[in-house]
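Trainee: The C-terminal residue of the sequence shown carries number 714 in this note's numbering, and the numbering is unbroken. No residue lacks a Cβ here, since even glycine has one placed at the ideal position from N, Cα and C.
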Amino acid sequence: MKNRNHVHDLEYEEETRATKPVLTGLLVGGLIGAATALLFAPRSGEETRAELRGKAMEIRDRTAETVKDKVELAKVKASEIKDGVVEKADELRHRGKRVANEQLDRASEAVEAGRKTVQDY
594 MKNRNHVHDL EYEEETRATK PVLTGLLVGG LIGAATALLF APRSGEETRA ELRGKAMEIR
654 DRTAETVKDK VELAKVKASE IKDGVVEKAD ELRHRGKRVA NEQLDRASEA VEAGRKTVQD
714 Y
């Protein structure tokens, strides 16, 4: 058991040693890329802010449109479901009336048959 834990610890240390340089490289590369982008940007800060505002408004408008479309779709689906439920309820009501009428007819026939039997005696 002790050997397994020792082997596991060694594997973890190797993974940690291999991961640190990669993460450091990504961080340094990201910082260098950001600094280069700022130094060689073809626009002024005001132009960049204006573009960011424009993009933010564009994204907001697209998001609002998407939400509106999804809400409309949900309303249509809800209406379809409601119509289906109403249709099934009508169907069940008609079926219930038919079954009740059939049962009443059978009961009437049974009562009539009982009267005839009583009259025959």
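When the Cα atoms are used, what is the spatial distance from Thr659 to Asp676?
Mentor: To locate residue 659, count along the sequence shown from 1; it is residue 66. To locate residue 676, count along the sequence shown from 1; it is residue 83. Straight-line Cα distance between these residues: approximately 26 Å.
Trainee: Name the two residues that bound the continuous alpha helix (DSSP H) containing Ser637.
Mentor: Position 44 of the sequence shown holds residue 637. Unbroken run through Ser637: none, as it is neither H nor E.
Trainee: Where Ser672 and Arg708 are concerned, what is the direct C-alpha to C-alpha distance, given to the nearest angstrom?
Mentor: To locate residue 672, count along the sequence shown from 1; it is residue 79. To locate residue 708, count along the sequence shown from 1; it is residue 115. Here the alpha carbons of Arg708 and Ser672 stand approximately 53 Å from one another.
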